[in-house]
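In the working numbering, the protein residues as written are 8 to 212. What follows is a single structure, written as structure tokens, with notes after it.
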Amino acid sequence: YSELKKINNTIQVTIPPTSNLKKNLSLFPLSGISNSKTIFCNENGYYAIYKSDRYGFNNPDNEWDSKRVEYLLVGDSFTHGSCVNRPNDIASVLRNLSKKSVLNLGYASSGPLMEYAVLREYLNFKVNKVLWIYYENDLRDLQFEISNPFLKNYIKDLDFKQKLLDKQKEIDEIAFSTLNNQINIEKNNQINIENVNKKKNSPNK
């Protein structure tokens with residue numbers, strides 16, 4: 008991130024919605040930073056990087072302009088496109104095979120309740136089929152999600168919506184704040200490690 012930031016100051020990293028589970032926010036994001044080159048993960052010897060769409064998901068932005076979406080995907084990091092670049096993520100493969108519009112609303116670390124909330128916020132009449140990509144760790148994620156009072160609103164009130172389609176600027180600002188805080192924590196940790204190493208290597212008096 009630091010190296011690429013020198014070349015492209017607008018580059019970002021994925022900010023999982025789960026980073027907000029213990030925060031007291033007036034809005035709970037379900038996606039990442041919008042319209043940005045975004046660094047994902049590295050499991051294959053390279054960092055996956057994608058351009059996020061207008062709502063912070065891993066899609067070519069023009070998918071949102073389709074008159075009819077054949078497949079809408081919801082799920083966690085596997086759906087999001089974990090550690091692979093387009094066209095090797097699930098949504099891109101499905102686009103190539105079907106030759107139809109595919110909208111990917113998966114995001115890393117999301118569990119069943121967040122995935123349900125995503126459908127409540129972003130699903131509309133233009134979608135023909137919804138594919139929920141489930142993985143066994145989703146039930147563990149649900150234990151943390153169900154303890155969040157904000158997310159429980161989606162269960163208690165079937166009319167509850169945050170209207171996230173209209174609040175991407177606020178979502179981006181929350182993600183920027185989370186990212187900056189994490190960078191500062193990493194910098195302080197590095198400084199502490201360096202100070203400890205200096206003490207270890209200093210001659211005894």
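We treat Cβ as the ideally placed atom computed from N, Cα and C, and that holds for glycine.
| Item | Value |
| --- | --- |
| For a test of the three-state rule: what should DSSP assign to Ile-22, helix, strand or coil? | coil |
| Which runs of the beta strand (DSSP E), 3 residues or longer, sit entirely within the region 52-126? | 56-58, 76-82, 109-111 |
| Based on the DSSP secondary-structure assignment, which residues constitute the bridge partners of Thr-17? | Paired residues: none, contrary to the question. |
| Does Gln-189 pass the burial test, meaning 16 or more other C-beta atoms within 10 Å, or should it be called exposed? | exposed |
| Could you work out which residue in Arg-102, Asp-145, Asn-187, Ser-117 is closest to Glu-77 when comparing CA atoms only? | Arg-102 |
| Which whole-angstrom value is the C-beta distance of Ile-226 and Gly-113, which I expect to be below 8 Å? | In the structure as shown, the chain begins at 8 and stops at 212. Residue 226 is therefore absent and cannot be evaluated. |
| Tell me whether the region 45-56 and the region 104-112 touch, counting them as touching only if at least three CB pairs, one residue from each stretch, are closer than 8 Å. | no |
| Residue range of the alpha helix (DSSP H) that Leu-28 falls in? | Neither: Leu-28 is in no alpha helix (DSSP H) and is coded neither H nor E. |
| Note down the Cα distance separating Tyr-221 from Asp-166, rounded to an integer number of angstroms. | What is shown of the chain runs 8 to 212, which leaves residue 221 out entirely. |
| Measure the C-alpha to C-alpha separation of Leu-110 and Asn-92 and round it to an integer number of angstroms. | 16 Å |
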